[in-house]
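Everything below concerns the one structure shown next.
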Ligand SMILES: *Cc1c(COP(=O)(O)O)cnc(C)c1O
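Numbering (full-length UniProt numbering), first residue to last: 1 to 413.
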C-alpha cells in the first residue's frame, strides 16, 4: 500500500545498505537522519537550529561560500539571512547584518570604521550602554571622541558639528531621537557636513523603527537598530542590526562578524521575523496613541513640559518632519522633581515601570534613577538629564486607559 505522504527516509541507511543493520544502537542514534528537504519551500522560514552543515566532498570547502553559503552557524544561517533580507528591503539599503544585540551591532561598526588614529563626533544624548562602551573601551584603543549636546546646541547643531570636524574625523554618530531626552538632531544638515569632510554617517534609529524613517534615503551610510525594541516589538528578544548604503561596507562588517562571533541566533531571528510582520500596524497605532497621550500631558497642570517628536512645541519637530510623517511612541516629560517622578512611576497601575522600550505594552522609567543614573554621571556623562524627567514608551493599550492611569498617578504627586 502506498501512502500519499511517504515516511521519511534515513539517508545513512540508504548509503550503507545491508551494513546498516550491523550498527550498534549507539551508532544508529548518531548517524540516522532524514533526507534534506528538496522541492520543499516552507511558507515561513523555519528555525535552522544547527551548529554546522554537512559537506558532500572535500573540494566543496574551497568553492565560493563553501558551495552553499552555509558551513557554520556563526558564518551564516538561513533563518537569520531571511530577516536580513526583510530589514534591508525596509531600509532600502545594500545589505543588512543581524547581531546578538543592539550593542553588538553598534560596537561592530565603531571597531570596524575607527582606529587609534581616528576621531569621532558623537551627538548626545545617546543610549547609556553605547556611551559606556565609548568611555570605558573605545578611548583605550586611542579613538578620540567629541561629544556635542543636541539639546544645548538646538538650531546651532550643524555649525557645532562643522566646527568640531578634524582632518582625521572618520565617523559622525547620532540617534534619531536622543535617548533619554528624545532630542531631535538636524540629521539632513549634519549628514551634509559629514560627507563634505569624507566622514561616515552612522545613525541609531531604534527609537523610530525602520517603518517610521529610512535614513539611507537621506544619505546616511550606516543605520543601526536595537531589534530588542520596535523591530522585535514583543519584549522577548535581544538583537541588533546594521544596514549599509554601500555593499563594500556590508562586506567589511560581514568579514568582521565571521571572526568576532556576534551573529544572532536562529531562534531569536525567527521571533524577530514574526515581530516584523506587524511592524507597520504596530507603529501606526503606537504613533496615534502617543500623539493623543502627548497632547493630553502637554495640557496637564502637573507636567512642566512634554517632548514628543510629533508635537509642534518640540524644538526639533521641524527636523523630524523632514524625514517622517509619523513619530513613533517615545516621549519624555517633566514633573518637576526626582521625588515626584519616582512617586509617579510607583503609583501607575497599567503602565509598566521598567527599562527598555518599543514593546506592545506601555513602559515608563525615571532615567536619572535607572538607565541614565549615577553610574553614567561618574563616567563623565557630558549632557544634562533633568531630574524630574520621565522616559515613556507608548504601547497598544487604549489611549484613554493610558491617560486615566497617568492622571490618577499624577494626582498623587
Ligand atoms: C536599547 C538600545 C540600544 C542597545 O540595544 P541592546 O539590544 O539592548 O543591546 C542601542 N541604542 C538604543 C537607542 C537603544 O534604545
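Note that beta-carbon positions come from the ideal geometry of N, C-alpha and C, so glycine has one too.
- Scanning the segment 100-125 from its first residue to its last, the whole alpha helix (DSSP H) runs of 4-plus residues come out as 102-113.
- A contact is defined here as three or more CB-CB pairs under 8 Å, and the segment 139-152 fails this definition with respect to the segment 196-204.
- Relative to the non-hydrogen atoms of ligand 1, the Cβ of residue 236 never comes closer than 6 Å to any of them.
- Going by beta carbons, residue 311 and residue 341 fall outside the 7 Å limit.
- For residue 189, the enclosing alpha helix (DSSP H) has its first and last residue at 187-196.
- With 16 or more other Cβ atoms from the protein chains shown falling within 10 Å of its own Cβ, residue 381 counts as buried.
- Remark: C-beta atoms of residue 125 and residue 189 do not approach each other more closely than 7 Å.
- For residue 40, the secondary structure class from DSSP, reduced to helix, strand or coil, is coil.
- A Cβ-Cβ contact shorter than 7 Å links residue 51 with residue 73.
- In this structure residue 58 is exposed. Its beta-carbon is surrounded by fewer than 16 other beta-carbon atoms within 10 angstroms.
- Remark: fewer than three beta-carbon pairs, one from each stretch, lie closer than 8 Å, so the segment 286-296 and the segment 236-247 are not flagged as touching.
- Distances from the CB of residue 204 to the heavy atoms of ligand 1 include at least one below 6 Å.
- Comparing alpha-carbon positions, the option among 249, 219, 274 and 254 lying closest to residue 233 turns out to be 274.
- Burial state of residue 137 is exposed, judged by a 10 Å Cβ sphere holding fewer than 16 other Cβ atoms.
- For residue 283, no pairing in a beta bridge is given by DSSP.
- Ranking 47, 167, 393 and 68 by CA distance to the CA of residue 307 puts 393 first.
- Secondary structure of residue 305 (DSSP, three-state): strand.
- Of the residues 327, 212 and 282, the one whose Cα lies closest to the Cα of residue 395 is 282.
- Separation of the CB atoms of residue 371 and residue 351 is rounded to 16 Å, and the pair is thereby denied contact status at 8 Å.
- When the alpha-carbon of residue 332 is set against those of 386, 277 and 377, the nearest one is in 386.
- Under the DSSP definition of a beta bridge, residue 332 partners with 307 and 391.
- Membership of residue 317 in the alpha helix (DSSP H) is indicated by the continuous run 317-323.
- Judged by their CB atoms, residue 319 and residue 221 are not nearer to each other than the 7 Å cut-off.
- Cβ-Cβ separation between residue 357 and residue 323: approximately 20 Å, too far for a contact (criterion under 8 Å).
- When beta bridges are read from the DSSP output, residue 365 appears opposite 391.
- Rounded to the nearest whole angstrom, the C-alpha separation of residue 211 and residue 127 is 20 Å.
- Residue 86 holds the alpha-carbon nearest to the alpha-carbon of residue 95 among 374, 102, 103 and 86.
- Look at the beta carbons and you see the segment 98-112 touching the segment 250-260: at least three pairs across the two are nearer than 8 Å.
- Distance from residue 207 to residue 328 at the Cβ level is roughly 6 Å; contact confirmed, criterion being Cβ atoms closer than 8 Å.
- 139 is the residue among 204, 139, 367 and 181 whose C-alpha sits nearest the C-alpha of residue 119.
- Residue environment analysis places residue 263 among the buried positions, since at least 16 neighbouring C-beta atoms fall within 10 angstroms of its C-beta.
- Measuring C-alpha to C-alpha distances from residue 278 to each of 205, 218, 244 and 360 identifies 360 as the nearest.
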